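Each remark here refers to the structure printed beneath this line.
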Amino acid sequence: MEVDHTAVRVSDLEATKAFYEDGLGLDFHQEFRTDDGIHNYYVTGDELETSIQFAHDPDSDEAIDPSGIVHLAILVDDLEATLERLTERTGCEVLRGPMTVDAVDARAAFVEDPDGYEVEIYAKLDE
Numbered sequence: 001m002e003v004d005h006t007a008v009r010v011s012d013l014e015a016t017k018a019f020y021e022d023g024l025g026l027d028f029h030q031e032f033r034t035d036d037g038i039h040n041y042y043v044t045g046d047e048l049e050t051s052i053q054f055a056h057d058p059d060s061d062e063a064i065d066p067s068g069i070v071h072l073a074i075l076v077d078d079l080e081a082t083l084e085r086l087t088e089r090t091g092c093e094v095l096r097g098p099m100t101v102d103a104v105d106a107r108a109a110f111v112e113d114p115d116g117y118e119v120e121i122y123a124k125l126d127e
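Residues in the sequence shown are numbered from 1 upward in steps of one, following the UniProt record's numbering.
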């Protein structure tokens, strides 16, 4: 058994693509539209083991409520370089960090994506 993907609703798919692909460097994996018009767009990392599914309803003006998700976590090779690229390309807000988290031997920073989801970007110190 393995975790395949996490799905989150988004209000602006183009802004979401810019944040996760252009800013963070994740890769497009697949996309499809459901019969009711929902555009499902997936991004993944290098290994294709898990992905994030962004569900966008172009006909909805309902506000996105990210309050049920604590954060999404993205493992990167170089925290500082990734954070610099992300903030330069997307103008996202850095919520906390960068900081060293000794308990998990990592450096981490928390940012906010276009819909208000908190995203943890972290790099292992021992790699």
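We put the CB at the ideal spot given by N, CA and C, even for glycine. Note that this is a predicted model, so its numbers are computed, not measured.
| Query | Result |
| --- | --- |
| Count the other CB atoms within 10 Å of the CB of GLY23; is the residue buried (16 or more) or exposed (fewer)? | buried |
| Could you spell out the range, first to last residue, of the alpha helix (DSSP H) harbouring LEU24? | Taken as a continuous stretch (DSSP letters only), LEU24 belongs to no alpha helix (DSSP H), as it is neither H nor E. |
| Using the rule of at least 16 other Cβ atoms within 10 Å of the residue's Cβ for burial, across every protein chain shown, is ARG107 buried or exposed? | buried |
| Compare the C-alpha of LEU95 against each of ALA15, PHE54, GLY45, HIS71 and name the closest. | HIS71 |
| Which of helix, strand or coil does DSSP assign to SER67? | helix |
| Taking the alpha carbon of THR16 as the reference point, which residue from TYR122, GLY116, ILE121 has its own alpha carbon closest? | GLY116 |
| By how many angstroms is the C-alpha of PRO98 removed from the C-alpha of LEU125? | 13 Å |
| What number of angstroms, rounded off, separates the C-alpha of residue 144 from the C-alpha of GLU118? | Within the shown structure, residues of the chain are numbered from 1 to 127, placing residue 144 beyond reach of any answer. |
| When DSSP builds the beta bridges, which residues end up paired with ALA106? | VAL101, LYS124 |
| Answer with buried or exposed for VAL76, where buried requires no fewer than 16 other C-beta atoms within 10 angstroms of its C-beta. | buried |
| Determine the contact status of TYR41 and LEU13, defining contact as a CB-CB distance below 8 Å. | yes |
| Closest by CA to ARG85, which one among PHE32, GLY25, HIS5, PRO114? | GLY25 |
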